[in-house]
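With my numbering applied, the sequence shown corresponds to residues 7 to 356, in that order.
All residues carry an ideal CB built from backbone N, CA and C; glycine is no exception.
Here's the structure, in structure tokens; my notes come after.
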Amino acid sequence: MDTVIRKISQDITQQEYEYIKEAGEIIRAGGLVAFPTETVYGLGGNALDKNASARIYAAKGRPSDNPLIVHISDMDMLDELAKDIPEQAYALATLFWPGPLTIVLKKKDIIPDETTGGLDTVAIRMPDNDIALSFIKEAKVPIAAPSANLSGRPSTTTALHVWDDLSGRIDMILDGGAVDIGVESTIVDLTDEEPVILRPGYVNEDMLKQVCDTVLRDQTLDDMTRTDIKPKAPGMKYRHYAPTGELVIVSGDAHKTVEKINELARQHDESVTAVVTTEENKDLYNYGKVICIGTRKDPLSISHSLYDVLRQMDDYGMKYIYMEAFYDNVLGDAIMNRLKKASGGHIIYV
Ligand code: AMP
Ligand code: MG
């Protein structure tokens with residue numbers, strides 16, 4: 007299959023809107039279109055068509071028990087897809103949609119089991135990106151869309167990343183340039199008595215507390231060693247976002263972190279060893295390929311480049327990758343969650 011790329015600017019010209027309509031037609035005909043959102047690129051198909059969902063799983067090589075997030079462009083779609091919707095869901099949607107928050111609710115029968123990996127719940131979100139919203143509107147159906155990467159690889163944050171993973175496997179890529187946030191949406195489950203964060207993202211715990219009195223966290227988020235309990239988001243049990251080389255995260259006091267990474271890096275051949283750091287520390291490393299991911303003064307600069315940097319590690323053929331940990335009040339939880347997954351939990355505390 008030939009994959010067509012259509013460039014779309016954020017202002018969306020008339021000609022570009024025609025491309026978006028074309029993408030909508032592909033969806034209605036059962037095809038697949040990758041599209042930009044504010045978080046990462048999504049791989050979209052008709053959420054109401056079980057064959058389209060099956061194609062998404064096949065294109066990604068994704069295990070079929072890992073449900074897809076359903077993307078909507080207006081609030082009416084929410085009521086069509088979910089039942090017994092609690093007031094809290096409307097309050098969260100009013101405050102954060104369109105935006106990087108996914109809400110898990112009880113599903114209506116209109117959504118096939120294939121889309122939700124057999125669960126009786128559905129994860130729904132309205133993305134904050136005009137190209138995405140126009141695309142969903144023109145498709146005239148809700149769009150099931152996981153991240154547009156091959157299963158297990160880092161998510162995609164540019165159309166080129168999508169092309170690298172999925173060309174020949176999907177019908178079209180809407181190229182809206184690099185995304186803003188760079189890590190996937192926060193997932194909050196509202197099907198229990200108390201809201202539970204299943205995956206951290208840009209909308210953090212403090213922000214959710216503007217609406218919810220209490221917010222719980224899925225137990226497996228903070229303790230990856232718990233193999234006796236299953237994460238409530240099935241996707242969180244898989245190794246994810248990982249480069250091919252061995253990724254190790256070093257966490258702790260800044261000075262000791264630099265010392266430890268320099269020591270670890272020197273154990274390997276310099277040509278296949280990388281250090282991932284920030285503006286603040288980049289001059290303190292002098293061995294291996296030193297990559298600056300952003301600045302600690304702006305956590306968005308780090309989340310924005312995270313997957314691109316992890317992908318570059320593969321492009322450069324790096325076998326050993328040492329990376330500083332990133333904690334901050336806004337995005338730290340989301341970034342560290344992805345780094346834990348990408349490293350298979352390999353974190354050294356100094
Ligand atoms: P991705 O599309 O790659 O961002 O992955 C979607 C994530 O949402 C995966 O971790 C899924 O397990 C999770 N997810 C989707 N639907 C549900 C649901 N109904 N209940 C819990 N988690 C879900
Ligand atoms: Mg994914």
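7 Å Cβ cutoff met for residue i and residue j
i	j	result
residue 118	residue 56	yes
residue 73	residue 123	yes
residue 296	residue 278	no
residue 341	residue 315	no
residue 51	residue 58	yes
residue 211	residue 221	yes
residue 332	residue 354	no
residue 75	residue 131	yes
residue 270	residue 328	yes
residue 320	residue 226	no
residue 191	residue 106	yes
residue 195	residue 238	yes
Close-in-space but distant-in-sequence residues of the same chain around residue i (CB under 6 Å, 5 per side omitted)
i	result
residue 155	161, 162, 171
residue 11	179, 181
residue 290	264
residue 223	203
residue 144	26, 27, 30
residue 121	53, 59, 74, 150
residue 311	299, 300
residue 274	326
residue 260	none
Same chain, Cβ closer than 7 Å to residue i, neighbours up to 5 away in sequence not counted
i	result
residue 127	110, 111, 112, 113, 197
residue 245	158, 347, 350
residue 61	38, 51
residue 276	293, 294
residue 218	94, 201
residue 79	132, 139, 142, 143
Proximity winner among the options, relative to residue i (alpha-carbon distances)
i	options	result
residue 325	352, 287, 252	252
residue 26	235, 149, 141, 209	141
residue 104	125, 92, 121, 139	139
residue 14	106, 286, 23	23
residue 258	16, 356, 173	356
residue 213	20, 335, 88	335
residue 185	86, 192, 167	167
residue 284	87, 305, 323	305
residue 208	108, 19, 268	108
residue 370	148, 345, 240, 228	No answer is possible for residue 370: it lies beyond the span of the chain, which begins at 7 and ends at 356.
residue 337	189, 322, 32	189
Contacting residues, own chain, Cβ-Cβ under 8 Å from residue i (five flanking each side not counted)
i	result
residue 174	7, 8, 9
residue 216	101
Relative to ligand 2, what is the chain-ordered list of residues with a Cβ closer than 6 Å to any of its non-hydrogen atoms?
-> 152, 153, 161
Pair every Cβ in the region 94 to 106 with every Cβ in the region 143 to 153, then say whether three or more of these pairs are closer than 8 Å.
-> Cβ pair count under 8 Å is below three, so no.
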